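Residue numbers (full-length UniProt numbering): 1 to 309.
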């Protein structure tokens with residue numbers, strides 16, 4: 001009796017073990033179908049995730065997250081494994097002995113066991129593929145250091161040596177660098193050197209560092225008509241003939257000049273300005289009064305801007 005009892009206790013365990021082993025072979029076809037169905041669901045979900053990633057990175061400001069990238073890689077790997085496993089399993093199902101059992105029971109058993117394991121892995125991947133977000137914003141790259149600003153290429157006036165103007169040039173330049181001064185007037189009777197001083201200021205822009213995008217010289221007495229004045233400015237701003245021809249009226253041309261100058265820093269040098277020329281005319285010509293306007297006035301004309309006698 002003492003010998004028989006242990007043997008009887010072993011029998012149920014052996015039976016359960018045998019049933020599980022036989023199930024790997026007996027239900028191979030069914031389990032292959034379950035694996036195929038699970039893999040199809042995973043593939044469909046993978047395609048959906050890929051589409052979300054594609055939409056997210058389209059702006060070139062997003063990148064796929066590392067978690068999603070690893071998940072997609074695992075899906076690719078297991079997909080190839082499942083394809084090979086299903087192929088081997090189908091071969092075993094087709095090669096039957098006596099119309100019911102696979103010819104090679106050991107191989108069929110191993111495949112059946114692997115199919116069960118792989119189905120669980122596929123389902124786990126499917127459960128882990130529920131991502132709230134699949135992309136993230138690219139890290140902001142630090143802006144490269146701004147190179148030192150070069151002096152703008154400004155056409156220089158040929159000039160002879162001048163005496164006594166250096167202090168005036170220094171005074172005017174200080175006002176140019178003063179952010180609170182927008183219009184500077186140089187006045188005096190004819191022949192005192194206003195044009196010479198204005199030319200020296202113009203030439204300074206070709207050799208000094210400055211923050212201006214445009215330096216425009218206009219002799220106002222030679223551009224008495226509005227269209228003449230505007231045409232000089234537009235050539236300096238390199239407004240094309242095609243665009244200029246579309247501006248059919250003085251107001252259209254003024255708006256185009258204003259649009260370009262409003263987004264830049266500029267200096268307008270007006271020489272030989274007549275008494276009839278007022279500050280309000282600048283805006284009607286398209287000149288915004290937000291930057292430096294340097295005016296040489298032929299006779300005394302007091303306006304509300306900084307005046308150098």
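Positions of the beta carbon are idealized from the N, C-alpha and C atoms, including for glycine. No experiment lies behind these values; they were computed from the predicted model shown.
Do the CB positions of residue i and residue j come within less than 8 Å of each other?
i: residue 36; j: residue 75; result: no
i: residue 220; j: residue 254; result: no
i: residue 122; j: residue 82; result: yes
i: residue 268; j: residue 239; result: no
i: residue 39; j: residue 79; result: yes
i: residue 245; j: residue 137; result: no
i: residue 64; j: residue 57; result: yes
i: residue 197; j: residue 168; result: yes
i: residue 172; j: residue 184; result: yes
i: residue 186; j: residue 199; result: no
i: residue 119; j: residue 34; result: yes
i: residue 212; j: residue 265; result: yes
Looking at the structure shown, is residue i part of a helix, part of a strand, or coil, going by DSSP?
i: residue 29; result: helix
i: residue 98; result: Note that residue 98 scores 48 on pLDDT, short of 50, meaning its location in the model is unreliable; the coordinates nonetheless yield the value given after this. The answer is coil: DSSP assigns residue 98 none of H, G, I, E or B.
i: residue 136; result: strand
i: residue 185; result: strand
i: residue 167; result: helix
i: residue 63; result: strand
i: residue 287; result: coil
i: residue 214; result: strand
i: residue 237; result: coil
i: residue 172; result: helix
i: residue 130; result: coil
i: residue 219; result: strand
i: residue 53; result: helix
i: residue 47; result: helix
i: residue 266; result: strand
i: residue 231; result: helix
i: residue 273; result: strand
i: residue 178; result: coil
i: residue 253; result: helix
On the criterion of 16 or more Cβ atoms from any shown chain inside 10 Å, does residue i qualify as buried, or is it exposed?
i: residue 271; result: buried
i: residue 128; result: exposed
i: residue 115; result: buried
i: residue 84; result: exposed
i: residue 177; result: exposed
i: residue 108; result: buried
i: residue 256; result: buried
i: residue 135; result: buried
i: residue 227; result: exposed
i: residue 218; result: buried
My guess is that residue i and residue j are in contact by the Cβ rule of under 8 Å, so how many angstroms apart are they, rounded?
i: residue 112; j: residue 31; result: 6 Å
i: residue 202; j: residue 192; result: Residue 202 to residue 192, Cβ: 18 Å. No contact.
Tell me whether residue i counts as near the ligand GTP, meaning its Cβ is closer than 7 Å to at least one heavy atom of that ligand.
i: residue 252; result: Ligands are entirely absent from the displayed structure, and the ligand GTP is therefore not among its contents.
Are the region 159-170 and the region 233-251 touching by the rule of at least three beta carbon pairs closer than 8 Å?
Output reads no: the region 233-251 does not touch the region 159-170.
Is the number of C-beta pairs between the region 199-210 and the region 231-244 that are closer than 8 Å three or more?
Touching, no.
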